[in-house]
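Student:
Numbering (my numbering), first residue to last: 523 to 730.
#1: With burial defined as no fewer than 16 other Cβ atoms inside 10 Å of the residue's Cβ, what is the status of residue 603: buried or exposed?
#2: In chain order, which beta strand (DSSP E) runs of at least 3 residues are fully inside the segment 598-649?
#3: Flag this pair as yes or no: are the beta carbons of residue 694 and residue 655 separated by less than 8 Å?
#4: Given a threshold of 16 other Cβ atoms within 10 Å of its Cβ, counted over all protein chains shown, does residue 531 qualify as buried or as exposed?
#5: In this structure, does DSSP put residue 532 in helix, strand or coil?
#6: For residue 582, does the three-state DSSP call read helix, strand or coil?
#7: Just mark residue 697 as buried or exposed, buried being the case when its beta carbon has 16 or more other beta carbons within 10 Å.
#8: Assuming residue 651 and residue 683 make a contact with CB atoms under 8 Å, what is their CB distance in whole Å?
#9: Quick check: the segment 590-598 against the segment 550-567, are there 3 or more CB pairs under 8 Å?
#10: Are residue 675 and residue 635 touching if we call contact CB-CB under 8 Å?
#11: Among 671, 647, 642, whose alpha-carbon lies nearest the alpha-carbon of residue 658?
#12: Within the continuous beta strand (DSSP E) that includes residue 694, where are the two ends?
#13: Do residue 685 and residue 707 have their C-beta atoms within less than 8 Å of each other?
#14: Is it the case that the Cβ atoms of residue 630 and residue 620 are separated by a distance below 8 Å?
#15: Could you tell me whether the segment 712-724 touches the segment 568-583, using the rule of 3 or more Cβ pairs below 8 Å?
#16: Using CA atoms only, rank isn't needed, just tell me which of 533, 543, 549, 598 is closest to residue 713.
#17: In the DSSP assignment, find the unbroken alpha helix (DSSP H) run with residue 547 in it and report its ends.
#18: Could you give the first and the last residue of the continuous alpha helix (DSSP H) run that contains residue 711?
#19: Let's see if you can read the secondary structure: which residues bound the alpha helix (DSSP H) around residue 680?
#20: Tell me, which residues are paired with residue 685 by DSSP?
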């Protein structure tokens, strides 16, 4: 099973849903060169397969030149074709079947909303990590509910599967969650700013 476990929280970077590949590629390089990043997720919901494939190839080269893992959201059949490190699934029920298809070496993670039960099932099914969220109201993630922070505390004490906090992170939440999680996932929190690196600093994300 692939190892992406961190001794202290690392940054899990989620791409914008839509972006100009040339411009974003340069921005991503600057971020990866300036900050310690544990994993990048290519997440382009609704995009054409050709555009996702082109982005996968370019971002793979950028990430792998810096020894950063690149996973793709949901399109697990692209993992082998494009030399990616794994997949992030929006449906945790698919973990077991995707693990069977991709084998033991691929990274497989999944979003589990705010459910301890769903997270436990995903871990038992072969997930390398799970994400809980959103941590504050986020209309674009989950069913509208917000994860109780006590879940991260319980998970960090009881379960060995790495846990990621995702969605609606604020400086206050990051301070609270830092001792409890393996990864802090950010995307819209920084890409909506003109200077993503300054936004990361303002959030108080760990420097690694």
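We put the beta carbon where it would ideally sit given N, CA and C, even for glycine.
Quantities reported herein were computed from a predicted structural model and do not represent experimental measurements.
Tutor: According to the structure shown:
#1: exposed
#2: 608-611, 629-633
#3: no
#4: buried
#5: strand
#6: helix
#7: exposed
#8: 6 Å
#9: yes
#10: no
#11: 671
#12: Premise fails: residue 694 lies in the alpha helix (DSSP H), 693-699, not in any beta strand (DSSP E).
#13: no
#14: yes
#15: no
#16: 549
#17: 543-556
#18: 710-713
#19: 671-680
#20: 652
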